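Novice:
In the UniProt record's numbering, the protein residues as written are 1 to 231.
(1) Whether or not the region 89 to 97 and the region 56 to 72 are in contact is what I'm after, with contact meaning three or more pairs of Cβ atoms, one per stretch, closer than 8 Å; do they touch?
(2) Between residue 83 and the rest of its own chain, which residues show a CB-CB distance below 7 Å, the 5 nearest in sequence each way excluded?
(3) Among 27, 70 and 50, whose alpha-carbon lies nearest the alpha-carbon of residue 180?
(4) For residue 1, does the three-state DSSP call read helix, strand or coil?
(5) Might you give, ordered along the chain, the residues of its own chain that have their beta carbon closer than 6 Å to the beta carbon of residue 73, omitting 5 neighbours on each side?
(6) Quick one: using the 10 Å Cβ neighbour count with 16 as the cut-off for buried, is residue 16 buried or exposed?
(7) Please check the pair residue 162 and residue 87, which I expect to be a contact at CB under 8 Å, by giving their CB distance rounded to whole angstroms.
(8) So, is residue 14 buried or exposed, given that buried needs 16 or more other C-beta atoms within 10 angstroms?
(9) Residue 185 and residue 21 look like a contact to me (Cβ under 8 Å); what is the Cβ gap, rounded to whole Å?
(10) Going by other Cβ atoms of all chains shown within 10 Å of its Cβ, with 16 needed for buried, is residue 197 buried or exposed?
(11) Can you grab the Cα-Cα spacing for the pair residue 43 / residue 36, in whole Å?
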């Protein structure tokens with residue numbers, strides 16, 4: 001697919017940026033696969049909501065960010081494909097036009113020579129015919145060379161436009177990758193925060209349990225003491 005090299009560079013850049021943050025050790029493929037999973041889940045969730053199957057909770061900030069990334073990604077891909085196809089069609093049309101101009105030029109040159117051959121010529125004109133024919137050939141070759149130069153220039157311009165389009169798409173992809181990177185980082189931070197909260201809750205439960213055990217031991221000691229006093 002056109003632009004796959006640029007997408008690969010964008011994924012690599014995202015992986016490199018993520019690896020600069022604590023808790024991340026990812027590869028280009030891991031980031032790409034993770035985004036693919038997030039995209040599938042988001043689209044499935046949206047379809048279920050639209051079909052009345054799933055629950056429609058309030059979208060979180062991460063959900064909205066992922067939805068924006070997906071929309072921009074698809075829009076950029078569609079725009080690139082459309083522009084790429086249009087440029088390819090224009091290039092093909094320019095080639096056909098140049099070929100048609102070449103054929104017309106050759107036909108015109110042939111017809112002109114035939115008319116001159118059929119026209120009345122003076123002895124002097126006949127003697128100069130060969131020299132004029134050589135001059136006409138030079139003129140034709142000059143015009144043909146100019147047409148080829150014009151076509152080559154248009155072809156170079158089309159390639160420049162295509163490269164500019166690829167650069168713009170890469171820029172858009174890098175922006176989307178940056179948003180995805182932020183989302184993954186936020187998810188990682190939330191996960192770490194959740195784990196920290198769970199550890200704190202577990203410590204609290206353990207503390208409460210130890211305190212309860214301590215109180216029970218004290219009650220048992222008091223009970224045994226009272227029982228011994230009544231004996």
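The beta carbon of each residue, even a glycine, is placed where N, CA and C say it ideally should be. Fair warning: this is a prediction, and the values are worked out from it, not measured in the lab.
Specialist: On the basis of the coordinates in this document:
(1) no
(2) Counting from one through the chain shown, the residue named residue 83 turns up at place 83. Closer than 7 Å at the Cβ level, and outside the excluded window around residue 83, lie 165.
(3) Residue 180 sits at position 180 when you count from the first residue of the chain shown. Of 27, 70 and 50, the residue nearest in Cα terms is 70.
(4) Numbered from 1 along the chain shown, position 1 holds the residue referred to as residue 1. Low confidence applies to residue 1: its pLDDT is 43, below 50, so where it sits in the model is not reliable enough to give any reading.
(5) Numbered from its first residue, the chain shown carries residue 73 at position 73. Excluding positions up to five away in sequence, the list reads 176.
(6) The residue you call residue 16 lines up with position 16 of the chain shown. Per the 10 Å Cβ criterion, exposed.
(7) Reading the chain shown from its first residue, position 162 is the one you call residue 162. Reading the chain shown from its first residue, position 87 is the one you call residue 87. Contact between residue 162 and residue 87 holds: their C-beta atoms lie close to 5 Å from each other, under 8 Å.
(8) Here residue 14 corresponds to residue number 14 of the chain shown, with the count starting at 1. Classification of residue 14: buried, given that the 10 Å Cβ count is 16 or more.
(9) For this step, residue 185 is matched to residue 185 along the chain shown. For this step, residue 21 is matched to residue 21 along the chain shown. With 8 Å as the limit, residue 185 and residue 21 qualify as a contact, their Cβ atoms being about 6 Å apart.
(10) What you label residue 197 is simply residue 197 of the chain shown in a count that begins at 1. By the 16-neighbour rule on beta-carbons within 10 angstroms, residue 197 is exposed.
(11) Sequence index remark: in the chain shown, residue 43 carries index 43 (1-based). Sequence index remark: in the chain shown, residue 36 carries index 36 (1-based). Residue 43 and residue 36: Cα-Cα distance of roughly 11 Å.
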